[in-house]
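Before any comments, here is the structure.
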Amino acid sequence: METINYQNFRIEAENICVDYNGKVALYDANLRLKPGQICGLVGMNGAGKTTFFNALTGFVNISKGKIRINGESVRSAQKDQAIAYVPQNEGIDSQFPISVWDVVMMGRYGSMNIFRCPRESDVQAVKDAIKRVDLTDHISTPIGNLSGGQRKRTFLARAIAQRASILLLDEPFSGVDIRTEKLISELFIQFKNEGKTILLSTHDMIHVREFCDLVLLINKTVVAYGETSEVFTPENITTTFGGISPDSLFGPES
Amino acid sequence: MELCSFLTLDSFIKDPLTHDFMRKALLMSSLVAAVCGFLSSYLTLKGWALMGDAVSHSVMPGVVVAYALGLPFSLGAFIFGVGSVALIGFIKQKSRVKEDTVIGLVFTGFFALGIVLVSKIKSNIDLHSILFGSPLGISLSDVKQTIFISLLVVILLSIFRKDLMLYCFDPRHAKTVGINVFFLHYLLLTCLSLAAVVGLQSVGIILVVAMLITPGATAYLLTDKFDNMTVISVLSAIISSLIGIYVSFWFDLETGGSIVLAQTFIFLFAFLFAPRYGIFKLKKLFVGYK
């Protein structure tokens, strides 16, 4: 296991812009994250959260700016299996004819040979990952027969099996049961202690306060970024959500 | 005379095999069906049914031009097949017209161009065999070409089987772990064009899309495992081809139509009686309601 230098940046995004055929989705966005940091990504629908993720994974090209992952280009980060993406439940075809095992094994594809034949180490990594998300009893269950929470855990297991140092999670807590929510939050603490870097998008204010060291508020560009305690203020949230007060968005804060 | 001879199942199956053209048709159609069936799993899961329709119709002018220039018709078909997809992508990107409209617009345009070309170019192109297929009248050079293309597609699909599955399921993850998604996209398109080319010999341009989607749809209703889906898809495609050709032989029916109808009936059977996803859930009939 390589030693982690906690002073080096895992993610460095400098003034990045993304546009789709001339339509700007994200502009002048900056983000810097170190190992062991958990950052919440908060914004309205269409504020560019998914675009931000897509830029970091290299799924869309940035039109301006610079992204360094572990000090390298996005391309080498892909080759190094540095980033894992955990999609929203809505973002995947739950009727696709594959099992939990198959999905988690996909986390290993990037480090296999061209025929994607699993080696002993791949099989072990998949087994371990499935155990960590408590799905061992469902190892050969088709994903269509899983609950929303179980499906979320399957994709989390895929990210674990990939052994990525950076986890990007799109709405990890939406549509999951209490048990899954508890398990995911426990895993977050473990990931943090392992020195992984986590960027998660969420609509839930409580989750931001509970897990996130840092918060990135965006609305096409960065509205505010910093320590959650300093930045996650009602004023900033109101600006992020286009003038709507946080009370009407999330209900009165306790 | 015919009625007497197919009183026994034995002669129903064996008699057509005494004809050289029937043996060739059965073999070639099975091969073509296997290729299309293999690809079919991917197309149905990727949601490319309409794309399959577009590509298969768009190859028409390519086939005509190739015939006129004395080139292998697969080459012309391939160029126009991939070209149509590129054009669809281009128009979609540069205009506000919705994708399904663009697809419909482009492939009918290409198809119309093909029909016009056939009427203009003086040659011995048999419009009927292009439109409706002619598995019984397949020539030797066509046989060689079909075998070559079929093997090529099967090898490509076999090598990239798992990557293509991942690409259909979660392209974003594929990209994130450094897999070349751009390559896989065009690989699938290439295989689609090639399969359309060989498929059109069996059932013709108009119906070839059925070869590319029906077996996959049938298999999708019967299993929850990707590998099983591929096997079922290939088998159902081959069986449909054999049934179609036999039935067309004995009852003197259009062969291409018979093959596709056989596929449709197998799909309907799965739709009604598939153990888990059928309307009547065959399992329940045997096991009883819980």
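Residue numbers (the numbering used here), protein chains in the order written: chain S, 1 to 254; chain R, 255 to 544.
Glycine included, C-beta positions come from ideal geometry on N, C-alpha and C.
The ligand NAD heavy atom lying under 7 Å from the CB of residue i
i: T518/R; result: The ligand NAD is absent from the structure shown, which contains no ligand whatsoever.
For residue i, the first and last residue of its enclosing beta strand (DSSP E)
i: G498/R; result: Counting along the chain, G498/R falls outside any beta strand (DSSP E), though it belongs to the alpha helix (DSSP H) covering F480 to F505.
i: R158/S; result: First-last for R158/S: G148 to Q162, but that is the alpha helix (DSSP H), not the beta strand (DSSP E).
i: R32/S; result: K23 to L33
i: I38/S; result: I38 to V42
Closer than 9 Å at the beta carbon, the chain R residues around residue i
i: I92/S; result: F423 and D424
i: D28/S; result: In chain order: nothing, as chain R lies at least about 24 Å away.
Chain R contact for residue i (CB, 8 Å cutoff)
i: T240/S; result: no
i: F52/S; result: no
i: P118/S; result: no
i: M106/S; result: yes
i: G175/S; result: no
i: Q81/S; result: yes
i: A84/S; result: yes
i: D122/S; result: no
i: D137/S; result: no
Chain-ordered chain S contacts of residue i [CB-CB under 9 Å]
i: I433/R; result: Q78, Y109 and G110
i: Y474/R; result: Q95 and P97
Minimum Cβ-Cβ distance from residue i to chain S less than 8 Å
i: I413/R; result: yes
i: L410/R; result: no
i: F480/R; result: yes
i: M255/R; result: Summary for M255/R: the model assigns pLDDT 46, below 50, so the residue's position carries little reliability, and this model does not support an answer.
i: M483/R; result: yes
i: L271/R; result: no
i: K544/R; result: Any reading at K544/R needs caution, since the residue's pLDDT is 41, under 50, leaving its predicted position unreliable; the model's value is listed next. Closer than 8 Å: no.
i: K398/R; result: no
i: L304/R; result: no
i: Y296/R; result: no
i: L420/R; result: yes
i: S259/R; result: Model confidence at S259/R stands at a pLDDT of 49, short of 50, so the residue's coordinates are unreliable and nothing is read from them.
Beta-ladder partner(s) of residue i, from DSSP
i: A84/S; result: L167/S
i: D424/R; result: DSSP, once it has assigned bridges, lists no residue as partnering D424/R.
i: K257/S; result: Here chain S covers residues 1 to 254 and nothing more, so residue 257/S does not appear.
i: I11/S; result: L33/S and I69/S
i: R215/S; result: Rather than Arg, the amino acid found at residue 215/S in this sequence is Val. Paired residues: G40/S and G226/S.
i: P142/S; result: S99/S
Contact list for residue i against chain R, beta-carbon separation under 8 Å
i: A129/S; result: Ordered by position in chain R, no residue passes the 8 Å Cβ test against A129/S, which lies about 14 Å from the chain.
i: G58/S; result: K429 and T430
i: P87/S; result: D424, R426 and H427
i: Q162/S; result: V431
i: D213/S; result: Chain R residues near D213/S: none, gap ~24 Å exceeds 8 Å.
Where the alpha helix (DSSP H) containing residue i begins and where it ends
i: N193/S; result: I178 to N193
i: Y321/R; result: A303 to L323
i: C290/R; result: D274 to K300
i: I459/R; result: Taken as a continuous stretch (DSSP letters only), I459/R belongs to no alpha helix (DSSP H), as it is neither H nor E.
i: V223/S; result: Run containing V223/S: none in the alpha helix (DSSP H); it sits in the beta strand (DSSP E), T221 to E227.
i: I198/S; result: No alpha helix (DSSP H) holds I198/S; the beta strand (DSSP E) holding it covers T197 to S201.
i: V408/R; result: L394 to I413
i: N89/S; result: Note, N89/S: premise wrong, no alpha helix (DSSP H); not H, not E.
i: S265/R; result: L263 to K268
i: I333/R; result: F327 to K348
i: H138/S; result: Element bounds for H138/S: n/a, residue is neither H nor E.
i: S76/S; result: V74 to K79
i: P118/S; result: No alpha helix (DSSP H) holds P118/S; DSSP gives it neither H nor E.
i: D354/R; result: E353 to K374
i: P234/S; result: P234 to T240
i: A524/R; result: T509 to F527
Residue i versus the options, residue with shortest Cα-Cα distance
i: F266/R; options: G291/R, I497/R, P529/R and G363/R; result: I497/R
i: I342/R; options: G335/R, V360/R, S349/R and S395/R; result: V360/R
i: Q455/R; options: M282/R, A322/R, L323/R and G291/R; result: M282/R
i: A322/R; options: V463/R, I379/R and S338/R; result: I379/R
i: A528/R; options: F364/R, S295/R and Y474/R; result: Y474/R
i: V104/S; options: S174/S, D122/S, I178/S and H203/S; result: D122/S
i: C17/S; options: R10/S, K49/S and P172/S; result: K49/S
i: M44/S; options: L217/S, Q81/S, M112/S and T228/S; result: L217/S
i: V86/S; options: R151/S, G71/S and N8/S; result: R151/S
i: T221/S; options: N5/S, F52/S and R209/S; result: F52/S
i: G71/S; options: I184/S, C39/S and L33/S; result: L33/S
Interface residues of chain S facing residue i [CB-CB closer than 8 Å]
i: T477/R; result: P97
i: K416/R; result: Y109, F115 and R116
i: L299/R; result: D93, F96 and P97
Residue i: contacting residues in chain R (beta-carbon distance under 7 Å)
i: N15/S; result: Per Cβ cutoff of 7 Å: no residues; N15/S is ~23 Å from chain R at best.
i: G144/S; result: D478
Contact set between residue i and chain S, taken where Cβ atoms lie within less than 7 Å
i: Q347/R; result: N21
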